[in-house]
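*Asks:* The structure is given below, and queries will be raised subsequently.
In our numbering, the protein residues as written are 191 to 589.
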């Protein structure tokens, strides 16, 4: 069983890595798309926010109907990845900004059947001590989300369509892995009858909601950072030297978000199983809040000083992400754990839409030097909720 669980983790992680490449597949080529679709520069934020908007819509529908708890989660994941690959590929045929953003929203809806469903499947394979396992899963998600930055290093000089095609092929591979290689968990629960009372049970569970509130604060910072750090690095590096090559900027973004984030997830998972989920989230959010304030002081300064802060930020901003999901999956009753996870992510990604769109507005007013300080609000509030959650975690361990 143990060997089978870790084998399943490998396939789930790979499928997640490949499928989540869809998330930023259009954002990394936003300048090209804005030009082709004749969009205003302000539309870049909506181009980035369109996927979270779709994710929220998909997660709302999924959690309301309890999809994760009523259908085979492996099949839901496979179908979602396949549809996501198809919708993403259609971007190369679109010449209108309206239909382009609509396709991105629909892609986000399909990803609501990938990420939370993968966490549900993993919770079935790892009934206990799943901090490291979910940490590895979120590391795969982080690497997958940053993959377009890596791909654009090679194909940006050729055509933006190659970036789209690569991410769609990867998502298709994800669907193939889940369909033909990944097995159903032996602890798969029986399908439950539809019940809209599941959401009410989630909201009425106080420790679950405390973990959710901590997650919402974490999400306020996370996707605002992931979306706009590459733009910050671009502006900062070019001010320092106009001769900075584009591949160096793309590589810096990939290292800060993908590599550093992946390492942070695994390390966070290892530590959390030893010191507790609440303690790990508190430490991570404290460090990431400090980084969000400090990085502005490096704007236009040394490449390496900026990169060091961004790498530390990239590690700490995501190192606790898996633990909010793990906390909910352990405290929520088994009958609605899938719905609880989907609900958590639904509201969390709704929060990201506001922070993603707020950053460019505030940046025009106060500049890159100070704009990221508003992201610190999320982790500061999150720390307060996780301190309260820690009491329930301690009592749960005693039981």
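From the three backbone atoms N, C-alpha and C, an ideal C-beta is built for every residue, glycine too.
1) Residue range of the alpha helix (DSSP H) that residue 544 falls in?
2) Look at the Cβ atom of residue 630, then the Cβ atom of residue 360, and state whether they are nearer than 9 Å.
3) Does DSSP put residue 397 in a helix, a strand or coil?
4) Since I believe residue 353 is in contact with residue 215 (beta carbons under 8 Å), could you give me their beta-carbon distance rounded to a whole number of angstroms?
5) Grab me the residues of residue 446's own chain with a C-beta within less than 8 Å of its C-beta, minus the 5 sequence neighbours each way, in chain order.
6) Helix, strand or coil for residue 436, going by three-state DSSP, please let me know.
7) Just list the beta strand (DSSP E) runs in the region 448-494, keeping only unbroken ones of 3 residues or longer that don't cross its boundaries, in chain order.
8) Helix or strand or just coil, what does DSSP make of residue 261?
9) Rounded to the nearest angstrom, what separates residue 332 and residue 207 at their Cα positions?
10) Give the single residue among 525, 200, 546, 531 whose Cα lies nearest to the Cα of residue 518.
11) Helix, strand or coil, according to DSSP, for residue 316 in the structure here?
12) Would you call the CB atoms of residue 365 and residue 204 closer than 9 Å?
13) Nearest-angstrom Cα distance between residue 581 and residue 357?
14) Could you please give the first and the last residue of the uninterrupted alpha helix (DSSP H) stretch that includes residue 289?
15) Any Cβ of chain C within less than 9 Å of the Cβ of residue 199?
16) Report the three-state DSSP secondary structure of residue 213 (helix, strand or coil).
17) According to DSSP, is residue 269 part of a helix, a strand, or is it coil?
18) DSSP state of residue 240, grouped into three classes?
19) What whole-angstrom Cβ distance do residue 267 and residue 307 have, given they're in contact under 8 Å?
20) Determine the direct distance from the alpha carbon of residue 449 to that of residue 577, and round the result to whole angstroms.
21) Can you tell me the Cα-Cα spacing of residue 570 and residue 484, whole angstroms?
*Replies:* Inspection of the coordinates gives the following:
1) 527-556
2) Given that the chain is displayed from residue 191 to residue 589, the structure contains no residue 630 and the question cannot be resolved.
3) helix
4) 6 Å
5) 419, 423, 497, 500, 501, 503, 504
6) helix
7) none
8) coil
9) 8 Å
10) 531
11) coil
12) no
13) 43 Å
14) 287-301
15) Any reference to chain C falls outside this structure, which holds one protein chain only.
16) coil
17) helix
18) helix
19) 5 Å
20) 29 Å
21) 15 Å
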